[in-house]
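Asker: Following this message is one structure expressed as structure tokens.
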Amino acid sequence: MTANAALHPERPGGSADRERPTDVNETVRLIRDSWAVVEPQAEDVSRFFYSMLFSLAPATRELFPVNMEVQRSRLLRALVHVVQMVDRPDELTPFLQQLGRDHRKFGVVAEHYEAVGTALLAAIKKYAGDAWNDAVERAWGEAYAVMATTMTDAASKDDGPAWYNGEVVQHERLSWDVAMVRIRPEHPVPYQPGQYVSVEVPQRPRLWRYLSPANPPSDDGTMEFHVRAVPTGWVSRAIVGHAQLGDQWRMGSPMGRLGVDRDSERDVVMLAGGTGLAPMRSIIQDLAQYGNNPEVHLFYGGRTRDDLYELRNLRQVAMSNPWLKVIPVLENDPTAQGAEHGTLAEAATRHGAWQEHDVLVSGSPEMIRNTVSGMMVAGTPLERIHYDPFTLD
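First residue of the sequence shown? That's 2 in the working numbering, and the numbers climb one at a time after it.
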């Protein structure tokens, strides 16, 4: 099955002419089982995928950076992750709608989606071997069709800017490897506290990365970003080490659903690792404008005390806002005074399972996985845990 057939089942050879998987759970099982066979060969799969994509749609090459070593695994990994989430529409659909609006910045058209889908199925088929059959092909094709249709529909209905231009007006080191960058957009970016945006910086053209504003929308429209330079991060190292006043950034449409419902009767637990503090800080600053808020416990974690670059400021906020409690957590410094020790999940669950709280988690992908797993093992219901797992970065 080609992606074109899946996207247009009314056409000859489309998915409506074939027997479908019995239900969405069976579709997801087929996808996950076949991907488990392919995943050990992911590097080869990625190379074949891009070779096929650029052959089918040469114009798509201009959407990617010149150096594909950084990019190669990103799109394929993201596609597979999203396709495997087709059984969770309440989470997946809003994300795909946001992603479709965000992808307008690339100039993506329907033909690009069809080419990506065809290349994806061809790559999985080539490396799945005997695990590939008609049922597996239908499962991948139908799941991809759901994703592509949701994205294209949302993009077609959005008449806002495809991206927002902004100027760097402040660049300040918060620690040896963390920088604060303040951007003044030409036009206000309509984000909510806790959301994130994709950014492109002049030092790394066509390498878009997701960053969360660390402040709520302000009267002057400026946006504050906290960025840690990571060893393999081409964009993060460029921002921390080389961003200059006057640099022009591009920012995509806001994404994400992390936030606090002030009308809810539930109190809140926040688990923030490193610069994952940014969306939590944005939410906290927004809450501080109101007199009546839920009680918020913020567990702010890092490997050492140097990683807690914002701790002093957070404590000052807590002094004037009794609904906020800040608990520093250090993973690799067991002798430090005035802090909990261990991982964020370990520190938080010492105080209970927080079963009646809304639990917000933000940090690196690994930190999110470990923290969500640790909270669930301790008894926190999954439906109470909120995080943005689809940053694709």
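Glycine included, each C-beta is placed from N, C-alpha and C at the ideal position.
(1) For S199, does the count of other Cβ atoms within 10 angstroms reach 16, so buried, or fall short, so exposed?
(2) Work out the CA separation of L383 and P22 for me, nearest whole Å.
(3) For N294, name the three-state secondary structure that DSSP assigns.
(4) Q290 to S321, Cα distance in whole Å?
(5) Could you check whether the stretch 243 to 250 touches the stretch 272 to 279, counting it as contact only if at least three pairs of C-beta atoms, one from each stretch, sit closer than 8 angstroms?
(6) Counting Cβ pairs, one atom from each stretch, are 3 or more of them under 8 angstroms apart for the stretch 227 to 242 and the stretch 136 to 146?
(7) For S237, I'd like the list of residues in its chain whose CB is within less than 8 angstroms of its CB, leaving aside the five on either flank, ordered along the chain.
(8) Excluding five sequence neighbours on each side, which residues of the same chain lie with their C-beta closer than 7 angstroms to the C-beta of V190?
(9) Buried or exposed: E143, going by 16 or more other Cβ atoms within 10 Å of its Cβ?
(10) Between R418 and D334, is the Cβ-Cβ spacing less than 7 angstroms?
(11) Using a Cβ-Cβ cutoff of less than 7 angstroms, which residues in the same chain neighbour L287 once the five nearest sequence positions on both sides are dropped?
(12) Within this structure, are the beta carbons of A146 and R102 separated by less than 7 angstroms?
(13) So, with DSSP's three-state summary, where would you put V190?
(14) On the three-state DSSP scale, how would you describe D1?
(15) Out of E112, R183, V202 and R207, state which residue places its alpha-carbon closest to the alpha-carbon of S219.
(16) Please check the pair G375 and A346, which I expect to be a contact at CB under 8 angstroms, by giving their CB distance rounded to whole angstroms.
(17) By how many angstroms is the C-alpha of R33 removed from the C-alpha of E27?
(18) Could you spell out where the alpha helix (DSSP H) holding A140 opens and where it closes?
(19) According to the neighbour-count rule (16 or more other Cβ atoms, all chains shown, within 10 Å of its Cβ), is P41 buried or exposed?
(20) Which residues in the same chain as R105 place their Cβ atom closer than 6 angstroms to its Cβ, once the five residues preceding and following it in sequence are excluded?
(21) Using only CA atoms, which one of A379, E341 and V373 lies nearest to G353?
(22) Please identify the residue among L121, S365 and A180 whose C-alpha is closest to the C-alpha of V169.
(23) Please state whether DSSP places M224 in a helix, a strand or coil.
(24) Grouping DSSP H, G and I as helix and E and B as strand, with all else coil, what is T381?
(25) Is the separation between the beta-carbon of T151 and that of L97 shorter than 7 angstroms?
(26) Report the CB separation of S35 from A111 in whole angstroms; it is logged as a contact under 8 angstroms.
(27) In chain order, which beta strand (DSSP E) runs of at least 3 residues are fully inside the stretch 347 to 372?
(28) Could you pull out every unbroken alpha helix (DSSP H) segment of at least 4 residues lying fully inside the stretch 211 to 292, listed in chain order?
(29) Going straight from the alpha carbon of H172 to that of M148, what length do you get?
Answerer: In this structure, then:
(1) Position 198 of the sequence shown holds residue 199. With 16 or more other Cβ atoms within 10 Å, it is buried.
(2) Position 21 of the sequence shown, counted from the start, is the residue given in the question as residue 22. Position 382 of the sequence shown, counted from the start, is the residue given in the question as residue 383. Summary for P22: the model assigns pLDDT 44, below 50, so the residue's position carries little reliability; its value from the coordinates is reported in the next sentence. Computed Cα separation, rounded: 27 angstroms.
(3) Translated into the one-based positions of the sequence shown, residue 294 becomes position 293. Here N294 sits in coil by DSSP.
(4) To locate residue 290, count along the sequence shown from 1; it is residue 289. To locate residue 321, count along the sequence shown from 1; it is residue 320. So the alpha carbons of these two residues sit roughly 11 angstroms apart.
(5) no
(6) no
(7) On the sequence shown, residue 237 is found 236 positions in, with the first residue counted as 1. Excluding positions up to five away in sequence, the list reads R210, V228, R229, A230 and V231.
(8) One-based indexing of the sequence shown puts residue 190 at position 189. Only Y165, V198, M224, M252 and P255 meet the Cβ criterion.
(9) Counted from its first residue, the sequence shown places residue 143 at position 142. With 16 or more other Cβ atoms within 10 Å, it is buried.
(10) Here the chain has residues from 2 to 394 only, and residue 418 is not among them.
(11) Here residue 287 corresponds to residue number 286 of the sequence shown, with the count starting at 1. Sequence inspection shows Asp at residue 287; the Leu mentioned does not correspond to that position. The residues are P194 and P217.
(12) Position 145 of the sequence shown holds residue 146. Position 101 of the sequence shown holds residue 102. Against a cut-off of 7 angstroms, the Cβ pair of R102 and A146 comes out as no contact.
(13) Walking along the sequence shown from the start, residue 190 turns up at place 189. It is coil, neither helix nor strand.
(14) Missing from the structure shown is residue 1; the chain here goes from 2 to 394 and no further.
(15) Within the sequence shown, the letter at position 218 stands for residue 219. If we check each option's Cα against that of S219, R183 comes out closest.
(16) Reading the sequence shown from its first residue, position 374 is the one you call residue 375. Reading the sequence shown from its first residue, position 345 is the one you call residue 346. Between A346 and G375 the Cβ distance is about 3 angstroms, and since that is below 8 angstroms, they are a contact.
(17) If you number the sequence shown from 1, residue 27 lands on position 26. If you number the sequence shown from 1, residue 33 lands on position 32. When rounded, the distance between both Cα atoms is 10 angstroms.
(18) Here residue 140 refers to the residue found at position 139 when the sequence shown is read from its first residue. A140 -> alpha helix (DSSP H) spans D135 to K158.
(19) Sequence index remark: in the sequence shown, residue 41 carries index 40 (1-based). That one is exposed.
(20) Looking up residue 105 in the sequence shown gives position 104. The residues are A156 and A163.
(21) Residue 353 sits at position 352 when you count from the first residue of the sequence shown. Closest by alpha carbon: A379.
(22) Indexing the sequence shown from 1 puts residue 169 at position 168. Minimum Cα distance to V169 is reached at A180.
(23) Locating residue 224 in the sequence shown gives position 223, where the first residue counts as 1. Three-state DSSP puts M224 in a strand.
(24) Residue mapping note: residue 381 aligns to position 380 of the sequence shown, counting from 1. T381: coil per DSSP, three-state reduction.
(25) The residue you call residue 151 lines up with position 150 of the sequence shown. The residue you call residue 97 lines up with position 96 of the sequence shown. Yes, the pair counts as a contact, with Cβ atoms nearer than the cut-off.
(26) One-based indexing of the sequence shown puts residue 35 at position 34. One-based indexing of the sequence shown puts residue 111 at position 110. The pair is not a contact, with the Cβ atoms about 26 angstroms apart (cut-off 8 angstroms).
(27) 359 to 363
(28) 235 to 243 and 278 to 288
(29) Here residue 172 is taken as the residue at index 171 of the sequence shown, counted from 1. Here residue 148 is taken as the residue at index 147 of the sequence shown, counted from 1. Rounded to whole angstroms, H172 to M148 spans 38 angstroms at the Cα level.
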